[in-house]
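*Asks:* Per our numbering, residue 2 is the first one in the sequence shown, and the count goes up by one each step. Even for Gly, the Cβ is constructed at its ideal location relative to N, Cα and C.
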Amino acid sequence: MVNGEADVVHNGSRSEHRLLQARIKALARQRNAVTLAHNYERLEVQDVADFVGDSLGLSREAAKTPAEVIVFCGVHFMAETAAILSPAKTVLLPDLAAGCSLAATIDGGQLRAWKADHPGAVVVSYVNTSAEVKAESDYCCTSGNAVDVVNAVPADRDILFLPDVFLGAHVRRVTNRQNMHVWMGECHVHAGISPDDIAARRATHPGAEFLIHPECGCATAVVDAISAGAIDPSGVQILSTEGMIRRPAAAPGDEFIVATEVGILHRLRRENPTKRFYPANEAAVCAYMKVTTLPKVAAALERLQYRITVPPDVAARARQALERMVAIGAPSGGGSRQTLSPSHVPAVDPGE
Ligand code: 13P
Ligand code: SF4
Numbered sequence: 002m003v004n005g006e007a008d009v010v011h012n013g014s015r016s017e018h019r020l021l022q023a024r025i026k027a028l029a030r031q032r033n034a035v036t037l038a039h040n041y042e043r044l045e046v047q048d049v050a051d052f053v054g055d056s057l058g059l060s061r062e063a064a065k066t067p068a069e070v071i072v073f074c075g076v077h078f079m080a081e082t083a084a085i086l087s088p089a090k091t092v093l094l095p096d097l098a099a100g101c102s103l104a105a106t107i108d109g110g111q112l113r114a115w116k117a118d119h120p121g122a123v124v125v126s127y128v129n130t131s132a133e134v135k136a137e138s139d140y141c142c143t144s145g146n147a148v149d150v151v152n153a154v155p156a157d158r159d160i161l162f163l164p165d166v167f168l169g170a171h172v173r174r175v176t177n178r179q180n181m182h183v184w185m186g187e188c189h190v191h192a193g194i195s196p197d198d199i200a201a202r203r204a205t206h207p208g209a210e211f212l213i214h215p216e217c218g219c220a221t222a223v224v225d226a227i228s229a230g231a232i233d234p235s236g237v238q239i240l241s242t243e244g245m246i247r248r249p250a251a252a253p254g255d256e257f258i259v260a261t262e263v264g265i266l267h268r269l270r271r272e273n274p275t276k277r278f279y280p281a282n283e284a285a286v287c288a289y290m291k292v293t294t295l296p297k298v299a300a301a302l303e304r305l306q307y308r309i310t311v312p313p314d315v316a317a318r319a320r321q322a323l324e325r326m327v328a329i330g331a332p333s334g335g336g337s338r339q340t341l342s343p344s345h346v347p348a349v350d351p352g353e
């Protein structure tokens, strides 16, 4: 366990957790509810969920579940996405404070102004956006299928990619797409994982593979280091959270430096008990993900709170962009099929 994880991730004793988890399971049966949890949720919340995954995998589960109620243990935009994809279902967010600093970097008015500056451009929005922004978009994507979505846009069409500047730079590197404009938003958690963090971890674990989420501030520095020959490209994987979950089973080594939110370490360690995982920065904690606790999940099911709805006209426009996202790429869940290789890496990072 990483330093500090005990304080941040655990909340109550194991026996309290077991009682609450049993209560949640019983309530979910009564309500005909499914519980979905993101890979960054508290470990005891992940453990009670019917499905744990990345944004893409959770969207797919929300779209196909026969349950009448979806309890979304994630952040607000994820619950909105579920409400858009499943308008007949009751979608619950256990705590309305579960926001997202990245989604907050652009609103509908700002996107409309950006579009007016680039008439005819195709808008590709990362799923970390409000319903209003999705409604102004042609495609949504997640980190699991952003490359596939951009490749689906005809090469001669300009692209407005938003809101994450680091994911945008990564997608441009991999696709070598020059006519792609990138919004300058960032997630405070991933932007805070710095090249210095990577350098310090490399010094301690020289043989470890890097698993890097493309939202990370360090991703560009690592790619530069590959270009300069300072890092072996075969030891680097830029992946969605679900891609990270799958990677260790296929990797030759047994040590991994993990550059994303530390909640993912729970599944990585549980699913790969013989391998070792080191956080790139153990302070990389998304407070928005951690507001969801077992008592709040139980209260959500008891009181059917807090219901997330999207106005029908906004939902109808957003649904088209989301359905394209759900249909494109990574057919088995949310893991990116794109890995970083030297042929994908131009010498100069075209990031804006
Ligand atoms: P994934 O799509 O990889 O699950 O990431 C979602 C997210 O919010 C990352 O910060
Ligand atoms: Fe948003 Fe960052 Fe938290 Fe992901 S880790 S939900 S992008 S604030």
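1) How about D55: is its Cβ closer than 7 Å to a heavy atom in the ligand 13P?
2) Give a single yes or no on whether Y359 has its beta carbon closer than 7 Å to a heavy atom of the ligand SF4.
3) Report all residues from its chain with a CB closer than 6 Å to the CB of L269; omit the five preceding and five following residues, and keep chain order.
4) Can L97 and L163 be called in contact, C-beta distance under 8 Å?
5) Applying the criterion that 16 or more other CB atoms from any shown protein chain within 10 Å of the CB defines a buried residue, is G121 buried or exposed?
6) Just checking N129 against the ligand 13P - is the residue's beta carbon closer than 7 Å to any of the ligand's heavy atoms?
7) Just to confirm, does P40 get its C-beta within under 7 Å of one of the non-hydrogen atoms of the ligand 13P?
8) With G75 and L86 assumed to form a contact (beta carbons below 8 Å), what rounded beta-carbon distance in angstroms separates them?
9) Quick check on this structure: which residue in A209, C141 and P280 has the alpha carbon closest to the alpha carbon of R318?
10) Would you mind reading off the limits of the beta strand (DSSP E) that contains H39?
11) I believe R32 touches L302 by the beta-carbon criterion, under 8 Å. Please report the beta-carbon distance rounded to the nearest angstrom.
12) Would you say the beta carbon of A289 is closer than 7 Å to some non-hydrogen atom of the ligand SF4?
13) Taking the continuous alpha helix (DSSP H) assigned at P296, which residues delimit it?
14) Tell whether a beta-carbon distance below 8 Å holds between L168 and E216.
15) Here's a check: name, in chain order, each residue in its chain whose Cβ is nearer than 7 Å to the Cβ of P296, leaving out the five neighbours to either side.
16) DSSP beta-bridge partners for L93?
17) Helix, strand or coil, according to DSSP, for G54 in the structure here?
18) Alpha carbon to alpha carbon, how far is S144 from V172? Give it in angstroms, no decimals.
19) Please classify S14 as buried or exposed, where buried requires at least 16 neighbouring CB atoms within 10 angstroms.
20) Since Y289 and G100 should fall inside the 8 Å C-beta cutoff, what is the C-beta to C-beta distance between them, to a whole number of angstroms?
21) Judging by CA-CA distance, which residue of P313, V298 and R308 is the nearest neighbour of T36?
22) Looking at the structure shown, is L20 part of a helix, part of a strand, or coil, going by DSSP?
23) Going by DSSP, what residues sit across from V259 in a beta bridge?
24) Where are the beta strand (DSSP E) runs, 3 residues long or more, that stay fully inside the segment 171-251, in chain order?
25) For D108, list the residues DSSP reports as bridge partners.
26) Sort out for me which residues DSSP pairs V125 with in a bridge.
*Replies:* Looking at the coordinates:
1) yes
2) This structure gives no information on residue 359, because the portion of the chain shown stretches from 2 to 353.
3) F278
4) no
5) exposed
6) yes
7) According to the sequence shown, residue 40 is Asn rather than Pro. Answer for N40: yes, Cβ within range of the ligand 13P.
8) Actually they are not in contact, since the Cβ atoms of G75 and L86 sit about 14 Å apart, beyond 8 Å.
9) C141
10) A34 to H39
11) 6 Å
12) First, the residue type needs correcting, since residue 289 is Tyr and not Ala in the sequence shown. Correct: Y289 has its Cβ closer than 7 Å to the ligand SF4.
13) L295 to R304
14) yes
15) L21
16) V72 and R308
17) strand
18) 9 Å
19) exposed
20) 5 Å
21) V298
22) helix
23) L212 and P280
24) 181-183, 210-213 and 237-239
25) None, per the DSSP bridge assignment.
26) Y140 and F162
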